[in-house]
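Below is one structure, written out as structure tokens; the observations come after it.
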Ligand SMILES: Cc1cc2nc3c(=O)[nH]c(=O)nc-3n(C[C@H](O)[C@H](O)[C@H](O)COP(=O)(O)OP(=O)(O)OC[C@H]3O[C@@H](n4cnc5c(N)ncnc54)[C@H](O)[C@@H]3O)c2cc1C
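In the working numbering, the protein residues as written are -7 to 386.
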């Protein structure tokens, strides 16, 4: 068995392909081909070395993976949400870190500039970000404020045509390599505003976060603001309050729901192939009921999540999807993908813990993905509040 070759065959048990247009399939296949050619051959080494493959940023830009739903006049793809979902699925089939880079850039940096930025901000930043010339990051989480970001303490005061920003953000994807950060901070009256901060501004630093066991090929860091003087024209004029960051997270969570199924599909496909080829007690291990149970449950959960994601994308295209529906899809997909990767790892036995196969890398990555952009528990509380009308957060 050649472990290193990318033999991925996409599972499609309920003929979902028939729900996609030719354009959707073309887009998906272009990203799938890119991942086979440029990501699979190198990603294991980057993950083992805990290094960020910086060279892929421009490749992802050229492929149209940054801001696919943003209009073409700003450098985006002008595509629909099924296209966006398929792109994220294929990227995460390669690695959750690669998909995270694209999610952050498109949904968390380009989207707020597109939706809430001035014309000057849009024309300055969006083409640079769409092409991958610049990498961006999104600063919401703080050391003491994760699930409850509205309690953030990062704040600014106003001085003539400038603001002066102080505070710190933690766990920020892309931070160590980003040229620009969309940062959420409180104005002098305590209202959350979006501020565009550029690398090189005095008092702004981005120390890297080390020793992660998860998303090792994604760069994570802090954002530290020590009296950073920023022109007032860098404030996003079109939004105030938590609606700003939450609307961005809504877009990114949609991408995660599709993305993690890529990791799950890769683990299922790897485990199925391995189970048919690996022989113990004189039979392929796929012949044992215990292993068939795992594989059958995997494909069932993959299929259910694919259908939920597809329906969510249709609702997104029709601008009818609620934040709560996005929340449910993110939570469900992360939960089933995490279980699928754990079961796949078991099917591979000892080989499952090695870098010869992608399974343990995906499994460890998903421990971050099930936590970031709203934890598993927080999304359950969102659904709970939606169906009962009762807030159980506090
Ligand atoms: C690799 C990685 C990348 C990230 N990238 C970014 C990024 O780019 N930008 C950004 O802003 N953030 C980012 N994050 C931060 C991420 O969004 C937070 O980690 C997440 O929101 C959870 O916050 P926390 O870690 O502070 O956990 P906490 O909020 O401290 O939660 C700890 C536990 O308590 C539970 N909990 C909290 N409140 C409640 C409640 N009311 N009821 C029941 N249980 C509760 C949670 O579910 C969790 O299990 C990233 C995180 C990681 C790990």
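The beta-carbon is built from N, C-alpha and C at its ideal position, and this holds for glycine as well. Remember, it's a predicted structure, so these values are computed and weren't measured experimentally.
Alpha carbon to alpha carbon, how far is residue 222 from residue 208? Give it in angstroms, no decimals.
-> So the alpha carbons of these two residues sit roughly 32 Å apart.
Secondary structure at residue 57, three-state DSSP: helix, strand or coil?
-> In the structure shown, residue 57 sits in coil (DSSP, three-state: anything other than H, G, I, E or B).
Give the DSSP-derived three-state secondary structure of residue 132 in the structure shown.
-> Three-state result, residue 132: coil.
Span separating the alpha-carbon of residue 76 from that of residue 9 | So the two alpha carbons sit approximately 15 Å from each other.
Does the stretch 71 to 89 come close enough to the stretch 243 to 253 that 3 or more CB-CB pairs lie under 8 Å?
-> They touch, by the three-pair rule.
Just mark residue 17 as buried or exposed, buried being the case when its beta carbon has 16 or more other beta carbons within 10 Å.
-> Counting Cβ neighbours within 10 Å, residue 17 comes out exposed, since fewer than 16 surround it.
Kindly provide the ranges of any beta strand (DSSP E) runs that are 3 or more residues long and lie completely inside the stretch 212 to 300, ordered along the chain.
-> The beta strand (DSSP E) runs lying completely inside the stretch 212 to 300 and spanning 3 residues or more are 212 to 223, given in chain order.
Would you call residue -6 buried or exposed, if buried means 16 or more other Cβ atoms sit within 10 Å of its Cβ?
-> Confidence in residue -6 is poor, its pLDDT being 41 and thus under 50, which makes the residue's placement unreliable; the coordinate value appears in the next sentence. Its Cβ having fewer than 16 others within 10 Å, residue -6 is exposed.
Return helix, strand or coil for residue 102, following the three-state DSSP convention.
-> Note: residue 102 maps to helix in three-state DSSP.
How big is the Cα-Cα spacing for residue -2 and residue 36?
-> Rounded to the nearest angstrom, the two C-alpha atoms are 12 Å apart.
Using a threshold of 7 Å, is the CB atom of residue 365 nearer than that to any non-hydrogen atom of ligand 1?
-> Placement of the Cβ of residue 365 at a distance of less than 7 Å from at least one heavy atom of ligand 1 is found.
Taking buried to mean at least 16 other C-beta atoms within 10 Å of its own C-beta, is residue 203 buried or exposed?
-> Exposed.
With respect to 7 Å, is the separation between the Cβ of residue 133 and the closest non-hydrogen atom of ligand 1 below this value?
-> Yes - ligand 1 has a heavy atom lying nearer than 7 Å to the Cβ of residue 133.
Candidates 66, 149, 280 and 19: which alpha carbon is nearest residue 218's?
-> Of 66, 149, 280 and 19, the residue nearest in Cα terms is 149.
Same chain, Cβ closer than 7 Å to residue 106, five either side skipped, listed in chain order | The beta carbon of residue 106 lies closer than 7 Å to those of 62, 66, 114 and 118 in the same chain, with the five residues before and after it left out.
For the alpha helix (DSSP H) containing residue 354, list its first residue and its last residue.
-> Here the alpha helix (DSSP H) through residue 354 covers 351 to 361.
Classify residue 169 as helix, strand or coil using the three-state DSSP reduction.
-> When secondary structure is reduced to three states using DSSP, residue 169 falls in the helix class.
Do residue 362 and ligand 1 come close, with the Cβ less than 7 Å from some heavy atom?
-> Outside the cutoff, so no.
Closest by CA to residue 272, which one among 293, 329, 339 and 71?
-> Residue nearest to residue 272 within the set 293, 329, 339 and 71 is 339 (criterion: CA-CA distance).
Is any heavy atom in ligand 1 found nearer than 7 Å to the beta carbon of residue 318?
-> Look at residue 318: its beta carbon is at least 7 Å from all of the heavy atoms in ligand 1.
Who are the near neighbours of residue 270 in its chain, counting only those whose CB is closer than 6 Å to its CB and skipping five residues on each side?
-> 277.
Return the CA-CA distance between residue 299 and residue 174, expressed in angstroms with no decimal places.
-> So the alpha carbons of these two residues sit roughly 33 Å apart.
Same chain, Cβ closer than 8 Å to residue 365, neighbours up to 5 away in sequence not counted = In its chain, beyond the 5 residues on either side, 241, 244, 245, 248 and 322 have a beta carbon closer than 8 Å to the beta carbon of residue 365.
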